[in-house]
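Participant:
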Amino acid sequence: MSKFGMAVALGALALAGSATAQPAARPTIILVHGAFAGSSSWNAVVSELQAGGYRVIAAANPLRSVAGDGDYVARLTRSIDGPVVLVGHSYGGEVINAAAADAPNVKALVFVAGFAPETGESAVSLGNQFPTGTLGQTLTKPVPQADGRGDVYIDQAKFHAQFAADVPLKAAMQMAATQRPIPLEALGEASAAPATWKTLPSYFIYGSLDKNIPAALHAFMAKRAGAKATVAIAGASHVVMVSHPREVARMIERAAGQN
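The sequence shown runs -21 to -1, 1 to 238 under mature numbering (1 follows the signal peptide of the UniProt record, and there is no 0).
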């Protein structure tokens, strides 16, 4: 082989080696809030993940129905080039379960104090299996909607103790004032989607003093899902992503790397 030919061959090998040495693209993280919250509830987690080099989208969950909200998030997920990790808080766990069934680029699920339903289960039916949650006692009278359903909120005077007990009072009262409602019917809607946590790597993190979804129910769902990792944060409330954003972000990063 001529010197020129040898140089070309060595250059090609060097380029090939460089290409194979490139790390795999990090997945996009889609964060899905639950009822009585909004996308801003993820702000501190977003900052943690962005500092780690992740692309993050905090989806605006419509909070209208499990099937409809799941379709909304699935469409967003399918619009992303490359793998996605879906993260759901509370009712958002039901939504990511439904979305993953219709979005083939989902590589992992993270339930942050979130529901992980089996087909046919709802937030209400799961709660009835572990009837120590106190959410129902704090809800306002439903606000009638044009479609005949009724939107409910958490009574602002009860919001701090019920929803965000480990968040400073001033911040919790801001959350109470900006909370987004959900129809009671959505909380009772049975999941029509397959249980995607059976086939996708799933991760669970929740607070031991969660009053919306009891810790025993979280532990049950995590065990049933064969969770890759489960973390119960001592003393944390339902909004563990607000009070413990670093721990939540580390769990999401673990799911993104699947280790």
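We put the CB at the ideal spot given by N, CA and C, even for glycine. These numbers come from a predicted model, not from an experiment.
#1: Please list, in chain order, all residues of the same chain as M200 whose beta carbon is under 6 angstroms from its beta carbon, the five residues on each side excluded.
#2: Confirm, please, whether the CB-CB distance from T98 to A195 is below 8 angstroms.
#3: If you drop the 5 nearest sequence neighbours on each side, which residues of the same chain put their C-beta closer than 6 angstroms to that of D81?
#4: Give the straight-line distance between the Cα atoms of A213 and A174, rounded to the nearest whole angstrom.
#5: Evaluate contact between the segment 119 to 126 and the segment 213 to 223, counting only Cβ atoms and requiring at least three cross-stretch pairs below 8 angstroms.
#6: In terms of DSSP beta bridges, what is S181 paired with?
#7: Starting from A211 and walking both ways along the beta strand (DSSP E), at which residues does that stretch end?
#8: Buried or exposed, going by whether 16 or more other CB atoms sit within 10 Å of the CB of A30?
#9: What residue range does the alpha helix (DSSP H) around I231 cover?
#10: In the DSSP output, which residue or residues are listed as bridge partners for V52?
#11: Can you name the residues that DSSP bridges to T7?
#12: Looking only at its own chain, which residues have a Cβ that is under 8 angstroms from the Cβ of A228, when we skip the five neighbours before and after it?
#13: Can you name the start and end residues of the beta strand (DSSP E) that V35 belongs to?
#14: Measuring only the C-alpha atoms, how far is I231 from V89?
#15: For the beta strand (DSSP E) containing V131, name the first residue and the last one.
#16: Should L148 be labelled buried (16 or more other beta-carbon atoms within 10 Å of its own) or exposed?
#17: Give the list of continuous beta strand (DSSP E) stretches no shorter than 3 residues that lie fully inside the segment 109 to 166.
#18: Leaving out five residues on either side along the sequence, give the residues of the same chain with a beta carbon under 6 angstroms from the beta carbon of P183.
#19: Which residues bound the alpha helix (DSSP H) around Q72?
#20: DSSP three-state call for G47: helix, strand or coil?
#21: My understanding is that A77 touches H197, with C-beta atoms under 8 angstroms, so please give their C-beta distance in whole angstroms.
Facilitator: Let's see:
#1: As a first step, residue 200 must be located in the sequence shown, where it is residue number 221. If the five residues before and after M200 are omitted, its C-beta is found closer than 6 angstroms to the C-beta atoms of A95, all from its own chain and listed in chain order.
#2: Locating residue 195 in the sequence shown gives position 216, where the first residue counts as 1. Locating residue 98 in the sequence shown gives position 119, where the first residue counts as 1. Against a cut-off of 8 angstroms, the Cβ pair of T98 and A195 comes out as no contact.
#3: Sequence index remark: in the sequence shown, residue 81 carries index 102 (1-based). So the list reads A53, once near-sequence residues are dropped.
#4: Taking the sequence shown and counting its residues from 1, the one referred to as residue 213 is at position 234. Taking the sequence shown and counting its residues from 1, the one referred to as residue 174 is at position 195. In a straight line, the C-alpha of A213 is about 28 angstroms away from that of A174.
#5: When C-beta atoms of the segment 119 to 126 are compared with those of the segment 213 to 223, fewer than three pairs fall below 8 angstroms, so the two segments do not count as touching.
#6: Residue numbering aside, residue 181 sits at position 202 when the sequence shown is read from its first letter. When beta bridges are read from the DSSP output, S181 appears opposite L88.
#7: To locate residue 211, count along the sequence shown from 1; it is residue 232. For A211, the enclosing beta strand (DSSP E) starts and ends at A208 to I212.
#8: Your numbering for residue 30 matches position 51 in the sequence shown. Here A30 is exposed: its Cβ has fewer than 16 other Cβ atoms, across all protein chains shown, within 10 Å.
#9: As a working mapping, residue 231 is identified with position 252 in the sequence shown. Run containing I231: P224 to G236, per the alpha helix (DSSP H) assignment.
#10: If you number the sequence shown from 1, residue 52 lands on position 73. Under DSSP, V52 takes part in no beta bridge, so it has no partner.
#11: Counting from 1 along the sequence shown, the entry for residue 7 is found at position 28. Answer is V63.
#12: For the purposes of this step, residue 228 is identified with residue 249 of the sequence shown, where counting begins at 1. Cβ neighbours of A228 beyond the five flanking positions: V24, E27, L28 and G31.
#13: Counting from 1 along the sequence shown, the entry for residue 35 is found at position 56. Unbroken beta strand (DSSP E) run through V35: V35 to A38.
#14: For the purposes of this step, residue 231 is taken as residue 252 along the sequence shown, with counting starting at 1. For the purposes of this step, residue 89 is taken as residue 110 along the sequence shown, with counting starting at 1. The C-alpha of I231 lies about 7 angstroms from the C-alpha of V89.
#15: Taking the first residue of the sequence shown as 1, we reach residue 131 at position 152. Annotation for V131: the continuous beta strand (DSSP E) segment containing it runs G129 to V131.
#16: Here residue 148 is taken as the residue at index 169 of the sequence shown, counted from 1. Around the C-beta of L148, fewer than 16 other C-beta atoms lie within 10 Å, and the residue is accordingly described as exposed.
#17: Here the runs fully enclosed are 129 to 131.
#18: As a first step, residue 183 is located in the sequence shown; it is residue number 204 there, counting from the start. With the sequence shown as reference, residue 183 is identified as Phe, and Pro is not the correct amino acid for it. Same-chain partners within the cutoff: F90, A201, A206 and T209.
#19: Reading the sequence shown from its first residue, position 93 is the one you call residue 72. The sequence given here places Gly at residue 72; Gln does not occur at that position. Unbroken alpha helix (DSSP H) run through G72: Y70 to A79.
#20: Stepping through the sequence shown from its first residue, residue 47 is reached at position 68. Helix at G47.
#21: If you number the sequence shown from 1, residue 77 lands on position 98. If you number the sequence shown from 1, residue 197 lands on position 218. Rounded to the nearest angstrom, the Cβ distance from A77 to H197 is 19 angstroms, too far for a contact under 8 angstroms.
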